[in-house]
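*Asks:*
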């Protein structure tokens, strides 16, 4: 079985590291596949689901939800870096809902302030809220 090395990570943690047979990556210009022997590539990624096939038959798969980032293929190694990311098998919807509710309150409080610090914090909070919204959207779609 021919494989390639794969690492999936965010700035704060590694989500996956191992051998894979195929990957479907959510590229900025559309999803693309990566097989062993793929040409060198660097791609900006959009938010979406990264699917890794761990066996040739496609029976053993891992899926990760990523929020923006980049991918690189070099010497039979795929590296996928996301701004935010989570393993869809371990996504805790209730925890995400709680975080989103707390963040919504923080956003409401920051919107009442008129300082540079508050504006920067508000932008950061809105980005995190978009990440929580994406997780909930994907979880709801998977539940259907």
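In this note's numbering, the protein residues as written are 4 to 147. Think of the CB as a built atom: it goes at the ideal place given N, C-alpha and C, for glycine as much as any other residue.
Taking C-alpha atoms, which residue in 99, 77, 64, 43 lies nearest to residue 139?
*Replies:* 99
*Asks:* Would you mind reading off the limits of the alpha helix (DSSP H) that contains residue 73?
*Replies:* Where residue 73 is concerned, there is no enclosing alpha helix (DSSP H), although the beta strand (DSSP E) around it starts and stops at 64-76.
*Asks:* Per DSSP, what kind of secondary structure is residue 137 in: helix, strand or coil?
*Replies:* helix
*Asks:* Quick one: give me the first and last residue of the alpha helix (DSSP H) that residue 31 is part of.
*Replies:* Unbroken run through residue 31: none, as it is neither H nor E.
*Asks:* Per the contact definition of three or more C-beta pairs closer than 8 Å, is the segment 43-60 in contact with the segment 68-88?
*Replies:* yes
*Asks:* Less than 7 Å between the C-beta atoms of residue 5 and residue 29, yes or no?
*Replies:* no
*Asks:* Work out the CA separation of residue 11 and residue 109 for me, nearest whole Å.
*Replies:* 30 Å
*Asks:* Given a threshold of 16 other Cβ atoms within 10 Å of its Cβ, counted over all protein chains shown, does residue 89 qualify as buried or as exposed?
*Replies:* buried
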